[in-house]
Amino acid sequence: MLQDFLTGLQFLTRLKVSHQTNWSPEIFGRSVRYFPLIGAIIGLILVAVNLFLGKHLPPNVLAVILITTEIVITGGLHGDGLMDTADGIFSGRNRERMLEIMKDSRVGANGVMAFCLIVLLKWSLLMDMTPSHLTAALFIMPVVSRFAMVVGITCFPYARPDGMGKAFAQYAGKKALFVAALLTGALVLLCATVFLAGKPALAALAAVLVFIVLFGNYVKGILGGLTGDTYGAITELSEVVVLFVFLIL
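Taking our numbering as reference, the numbering of the sequence shown is continuous, increasing by one, and the terminal residue is 264.
Listed below in structure tokens is the structure:
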């Protein structure tokens, strides 16, 4: 269990806590169940940055630092997936060509625009949120968005015959979804207890579940399934959904 967790942690983040040589597809698949817990670690780091700097910096600077911190922690992994997804599905080409574009290491205009818009949205939402809600949102945002990724991995077919994301889809299984759901529920309860934000946390989880169903089916209709890049896009877009819910409530 520890090895599976560390595999997920060291894949989804730049937090290297052990020297790992075994990166088998089976371990990748088993690590999926721990994605919400990895999101909680990211969230705690963001909360710590916010508590340490929040009283000393203006909101606009703090928002930039928080966004940058998450990008540094994840190595921009999910942002890269968002850009590749936007380049592919908005290219206007056939399915095969879309998948080729998404696999290309180069970034096109659609990808750049999508990433810039997401960063701008996050910056605006973080800056306009009340301090009490901001702390809770920073904690639960990575949790719920990583759970959304688990839903995408376990509930939708994989679009490619092979690829890194194939290991997640092939070896995760419904058990990973069940365990991830339990972890997410426990972390939402923790958010309600510690940060006194149970209502917006539950509302954010519900909104993200609706989003993943709509977005997953939309991409499935275009590509025939999801890919590793669309998993990243799901994460980034789900984070925006969470922040929107916290801002509204």
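Glycine included, C-beta positions come from ideal geometry on N, C-alpha and C.
None of these values were measured; they are calculated from a predicted model.
Other residues of its chain near residue i: CB distance less than 7 Å, five sequence neighbours each side excluded
| i | result |
| --- | --- |
| M164 | F50, Y246, I249 and T250 |
| H93 | G247, T250 and E251 |
| K189 | T169 |
| Q185 | P40 and G44 |
| F259 | L140 |
| A152 | M144, V257, L258 and F261 |
Below-9 Å beta-carbon distance, residue i vs any chain C residue
| i | result |
| --- | --- |
| F26 | Among the protein chains of the structure shown there is no chain C, as only one such chain exists. |
Residue from the options with nearest C-alpha to residue i
| i | options | result |
| --- | --- | --- |
| L202 | H34, S160 and A182 | S160 |
| M142 | V79, F130, G96 and V127 | V79 |
| R48 | A187, L217, L92 and L220 | A187 |
| L211 | R112, F154 and S120 | F154 |
| F183 | L258, T208 and F43 | F43 |
| G69 | T150, D177, A191 and P215 | T150 |
| A196 | G180, L217, P176 and Q185 | L217 |
| D299 | P215, V32 and M179 | This structure cannot speak to residue 299, because the chain is shown only from 16 to 264. |
| S33 | Q18, K235 and S39 | Q18 |
| M144 | R108, A129, P74 and S120 | P74 |
| V120 | A129, S106 and G96 | It is worth fixing the name first, because residue 120 is Ser in this sequence and not Val. Of the candidates A129, S106 and G96, the one whose C-alpha sits nearest the C-alpha of S120 is G96. |
| K215 | A191, T242, L264 and F193 | In the sequence as presented, Lys is not what sits at residue 215; that position holds Pro. When each option's Cα is compared against that of P215, the closest is L264. |
| M16 | A191, F130 and L132 | A191 |
Contact set for residue i: own chain, Cβ-Cβ below 8 Å, skip 5 residues either direction
| i | result |
| --- | --- |
| G239 | R110, P172 and A174 |
| T9 | Any question about residue 9 goes unanswered here, given that the chain covers just 16 to 264. |
| I237 | I104, R110 and M113 |
| T84 | I60, L61 and V64 |
| L72 | I80 |
| T213 | For the record, residue 213 in the displayed sequence is Gly; it is not Thr. Contacts found: V203, L204, C206 and A207. |
| Q25 | K31, V32, S33 and Q35 |
| I82 | V134, K137, W138 and L141 |
Own chain, CB closer than 6 Å to residue i, minus 5 neighbours either side, in chain order
| i | result |
| --- | --- |
| G13 | The requested residue 13 does not occur in the structure, where the chain is confined to residues 16 to 264. |
| G123 | D102 |
| A222 | V256 and V260 |
| T22 | I42 and S46 |
Helix, strand or coil at residue i [DSSP, three-state]
| i | result |
| --- | --- |
| L17 | helix |
| L97 | helix |
| L241 | strand |
Contact check, residue i vs residue j, beta carbons under 9 Å
| i | j | result |
| --- | --- | --- |
| L224 | V166 | yes |
| I86 | I57 | no |
| V76 | M98 | no |
| G90 | T28 | yes |
| H148 | F261 | yes |
Quiz prompt | Segment contact, 8 Å Cβ cut-off, at least three pairs: the segment 134-141 with the segment 254-261 | solution = yes
Quiz item: For the 8 Å Cβ check, are there 3 or more pairs between the segment 221-228 and the segment 99-108?
Solution: no
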